[in-house]
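Some notes on the structure that comes next.
There are 2 protein chains.
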Amino acid sequence: MTAATPSFSFTVLDRDPRSRARTGRVVTSHGAIETPAFMPVGTQATVKTLLPEEVGATGARVLLCNTYHLMLRPGPEILREAGGLHRFMGWDGPILTDSGGFQVFSLANTRRIDEGGVRFRSHVDGSAHDLSPERAMALQVGFGSDIVMALDHVVGLPAAGADIRLATERTHRWLDRCIVAFAAEGGPGRGAALFGICQGGMDPGLRRQSAQFIASRELAGSAIGGLSVGETKDEMLSMIEVTVPHLPADRPRYLMGVGSPEDLWNGVARGVDLFDCVLPTRLARNAALFTPDGRINMKGARWRDVHAPVDDTCDCRACARFTAAYLHHLFRTGEILGMRLASEHNLRFLARQMERMREAIRAGTFDDAHARFAARYRPVGAPSVAGEEAVA
Amino acid sequence: MTAATPSFSFTVLDRDPRSRARTGRVVTSHGAIETPAFMPVGTQATVKTLLPEEVGATGARVLLCNTYHLMLRPGPEILREAGGLHRFMGWDGPILTDSGGFQVFSLANTRRIDEGGVRFRSHVDGSAHDLSPERAMALQVGFGSDIVMALDHVVGLPAAGADIRLATERTHRWLDRCIVAFAAEGGPGRGAALFGICQGGMDPGLRRQSAQFIASRELAGSAIGGLSVGETKDEMLSMIEVTVPHLPADRPRYLMGVGSPEDLWNGVARGVDLFDCVLPTRLARNAALFTPDGRINMKGARWRDVHAPVDDTCDCRACARFTAAYLHHLFRTGEILGMRLASEHNLRFLARQMERMREAIRAGTFDDAHARFAARYRPVGAPSVAGEEAVA
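The listed protein sequences correspond, in order, to chains A and B.
Those letters in the first sequence? Residues 40 to 431, by this note's numbering.
Those letters in the second sequence? Residues 40 to 431, by this note's numbering.
Written out as structure tokens, the structure reads:
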């Protein structure tokens, strides 16, 4: 029923002997992606505040765009007339589109969901729209996406066990409809590759079943959905650990919606190849910048007279060309240039983490690199170390 | 009492035989400016949404920054520690700073003005500050400005004739204090040049007297202040016409706060060399773009499916790389990239107007070029031509 996508491939290159970490290369019809990789999010056909070449200059090789937003604005007709999403937004590299499901469940008004799909009203203008497995495939293939995500049924937390089971089983039935529809839309011939999504809430048994279901179907890659939705870090890592062993080793594994530096290291250690998250760019617009020691708030008075780069180990434009005092000034005065520079910085920070991980895996030193990162980087919410000044 | 600034010069290069239009070259310690020229405004040490090199790429060679804003944030101490305004904001070209007077009169709270100067409270945090001729010079020379503006006493419109006379005469007394203070601060030795500002409201006699007063002092340039503040276009042009003949021909003439395309052409025809205005960047952030036919509103539904550049005669990044449909989408979805691209476009549009003017003056065809511009460009508020579709 399905056909492999001729222009898509995934090759595992190096394996870490002491963890599930690995390097690989995803090849798409718009170029290659060295994994593990982080995908910046271009929700509405733009990574907020940045030009495509600026995103590329941070080291990012693949973007995620949101089908829910794009189906509402500019809409599939405009994207088709424009010659596809790549040409519309001026990004020549690979694009992964999500299925729209997550946003329908989190943003849209008056949803009505049944086995057929979801009927919802736009959060923008209240207009009525449908999303079904078939429609999700038609939209994404129509956009010209390189990686197309199956439509899954997401349930918010907390949820009853029975609800999670029903949603997970529906996600499996929808996956089979996606596989049929993806082929019917000519996805493989148009260079698109289809990824399935496993669900299962925080139930290890359901997670395992869902991973096994995904593995049983002919798909280009495996996504882990329904995590980073409010559970603890330990719960999330535990769910990754029960899922990954049941996913095919020869397909890329994509952990959806995860983007804090510590989660990227922990995810890679557990066998994840791809990540996406709005976190780096959303934080940047709110003056929060990643540094090797943890996040800092550029609005803080301590940066007022720091006439040196925010991070002198960073090669991004903000750090190479401007001082912390200038960035502080831009944020204190509400200037958009501050958001731009911070967005470049945070994306570059994450891309450098991925570069360090790939290098360490290649060199067989991933454990050491991870330990060095963890010894220095203090995650938000981590207890402060006695005698050590808080980063603020 | 004053000393000429060794690093500053102005040379008139070409004169239009049928108008007062002329080309020239202003040389500063941070490079040369071909005139007539438009100066983008970098209010708070950034041209809103843009990097310095992006502003330079539009063709701009000199920026205006606002002393009022900079004295409040980041403040003169931070700018001194940073090595001056140029280094702080990363702009290597010439910078003109205004005196702060205009913003004190329009933005600050609880002003108290007397012969000594102005005491006011910051619009940001209510803190108390003083601005006097001496303080205005110390601030601007301390910033490292290339062109320093004298402090003038601005009166809002409408104003009684007696008030305008008193303010104009005070402006003259303050100018003499500025000249003394500018020298005492070592302005000339630090590469700064001082411009005087003539006032006079809408009173031709006062305007003439004020121009003559400015001309009688040893100054690097002459500014025309107190225009573009709500008067009609005819009043403004008439005031320029009575002022310019009394200003020295061998000093650059700067019309403050003017930046619509039609006003630039009309000002140059009347002998103006320099202009500044927030208009192009402010309009851009509100989705209004200059085109050869007039301003357009990118949010308008007519652009939704225009898969072609906004202006195919324009070489800016927005027009060279993106379509009107994409810009429309960015503005409809509130994406900052739209403001950036529109800001570059509007600054490039004005820079191209200045280029056309300089070329036409050189070639002796300024009248023709002005007529061609005016025949096509429809200013905002101009009556629509019967049978012609409105630009919207």
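We treat Cβ as the ideally placed atom computed from N, Cα and C, and that holds for glycine.
Inset, instruction - For Phe361 (chain A), return the contacting residues in chain B, with the cut-off set at a CB-CB distance below 8 Å. - result: Gly129
Inset, instruction - Run the CB neighbour count on Leu294 (chain B), radius 10 Å, all protein chains shown included, and call it buried at 16 or more, exposed below. - result: Burial is judged here by how many other beta carbons sit within 10 angstroms of a residue's own beta carbon; Leu294 (chain B) has at least 16 and is buried.
Legend entry - Inside the segment 129-159 of chain B only - alpha helix (DSSP H) runs reaching at least 4 residues: 140-145
Legend entry - Close-in-space but distant-in-sequence residues of the same chain around Thr88 (chain B) (CB under 6 Å, 5 per side omitted): Met378, Arg379, Ser382
Legend entry - Reduced DSSP category for Phe252 (chain A) - H, G, I as helix; E, B as strand; rest coil: helix
Legend entry - For Ala167 (chain B), the first and last residue of its enclosing beta strand (DSSP E): Element bounds for Ala167 (chain B): 167-170.
Legend entry - Selected residue, minimal CA-CA separation from Ser161 (chain A), among A:Gly155, A:Ser145, A:Ala175: Of the listed residues, the one whose Cα sits closest to Ser161 (chain A) is A:Ser145.
Legend entry - Neighbour list for Thr372 (chain B) in chain A, Cβ cutoff strictly below 7 Å: Gln83, Arg112
Inset, instruction - Within the same chain, show all residues whose beta-carbon is closer than 7 Å to that of Glu274 (chain B), passing over the 5 residues directly before and after it, in chain order. - result: Met241
Inset, instruction - Pick out whichever of A:Ile335, A:Asp164, A:Asp315, A:Arg150 has its Cα sitting closest to the Cα of Leu266 (chain A). - result: A:Asp315
Inset, instruction - Would you check if there are 3 or more beta carbon pairs closer than 8 Å linking the segment 210-226 of chain B to the segment 159-176 of chain B? - result: Output reads yes: the segment 159-176 of chain B touches the segment 210-226 of chain B.
Legend entry - Proximity below 7 Å, CB of Met128 (chain B) to CB of Leu103 (chain B): No, the pair does not count as a contact, with Cβ atoms beyond the cut-off.
Legend entry - Bounding residues of the alpha helix (DSSP H) (the contiguous stretch that carries Val219 (chain B)): 200-223
Legend entry - Every unbroken beta strand (DSSP E) inside the segment 333-379 of chain B [3 residues or more]: Listed in chain order, the beta strand (DSSP E) elements of length 3 or more contained wholly in the segment 333-379 of chain B are 333-336.
Legend entry - Min CB distance Ala414 (chain B) to chain A below 7 Å: no
Inset, instruction - Confirm, please, whether the CB-CB distance from Gln238 (chain A) to Thr210 (chain A) is below 7 Å. - result: yes
Inset, instruction - Go ahead and pull the three-state DSSP assignment for Thr88 (chain A). - result: Residue state, collapsed to three classes: coil.
Inset, instruction - Between the Cα of Gly156 (chain A) and those of A:Val163, A:Ala189, A:Asp185, spot the shortest distance and give me the residue it belongs to. - result: A:Ala189
Legend entry - Closer than 7 Å to chain A by CB, Tyr365 (chain B): For Tyr365 (chain B), the answer is yes, since a Cβ of chain A falls inside 7 Å of its Cβ.
Inset, instruction - Note the first and the last residue of the continuous beta strand (DSSP E) segment covering Glu73 (chain B). - result: 70-74
Legend entry - Rounded distance between the beta-carbons of Arg57 (chain B) and Asp312 (chain B), thought under 8 Å: With 8 Å as the limit, Asp312 (chain B) and Arg57 (chain B) do not qualify as a contact, their Cβ atoms being about 18 Å apart.
Legend entry - Residue ranges of each alpha helix (DSSP H) within the segment 251-326 of chain B, 4 or longer: 272-282, 300-308, 318-324
Legend entry - Extent of the continuous beta strand (DSSP E) to which Arg59 (chain B) belongs: It is not in any beta strand (DSSP E) - Arg59 (chain B) carries neither H nor E in the DSSP assignment.
Inset, instruction - Indicate whether at least one CB of chain A lies closer than 7 Å to the CB of Glu274 (chain B). - result: no
Inset, instruction - Mark Val80 (chain A) as exposed unless 16 or more other C-beta atoms lie within 10 angstroms of its C-beta, in which case mark it buried. - result: buried
Inset, instruction - Measure from the C-beta of Ala323 (chain A) to each C-beta in chain B and report whether the shortest distance is under 7 Å. - result: no
Inset, instruction - Check whether the Cβ atoms of Ala223 (chain B) and Ile186 (chain B) lie closer than 7 Å to each other. - result: no
Legend entry - Bridge-paired residues (DSSP) for Ala232 (chain B): B:Ile186
Legend entry - Local conformation of Arg387 (chain B) per DSSP, three classes: helix
Inset, instruction - Determine which residues share a DSSP beta bridge with Ser48 (chain B) and list them. - result: B:Val66
Legend entry - Met337 (chain B): contacting residues in chain A (beta-carbon distance under 9 Å): Within 9 Å Cβ-Cβ: nothing; Met337 (chain B) doesn't reach chain A, min ~13 Å.
Inset, instruction - With DSSP as the reference, label Ala43 (chain A) as helix, strand or coil. - result: DSSP places Ala43 (chain A) in coil when its eight states are reduced to three.
Inset, instruction - Output, in chain order, the set of chain B residues within a Cβ distance shorter than 8 Å of Arg343 (chain A). - result: Near Arg343 (chain A) (Cβ distances below 8 Å), the residues of chain B are Pro113, Ile117.
Inset, instruction - Report yes if the C-beta distance between Ala308 (chain B) and Ala76 (chain B) is below 7 Å; otherwise report no. - result: no
Inset, instruction - Output yes or no for whether 7 Å exceeds the beta carbon distance between Leu111 (chain B) and Val163 (chain B). - result: Yes, the Cβ-Cβ distance between Leu111 (chain B) and Val163 (chain B) is below 7 Å.
Inset, instruction - Return the bridge partner residues of Phe433 (chain A) from the DSSP annotation. - result: Chain A is shown from 40 up to 431; residue 433 (chain A) falls before or after that span and cannot be answered.
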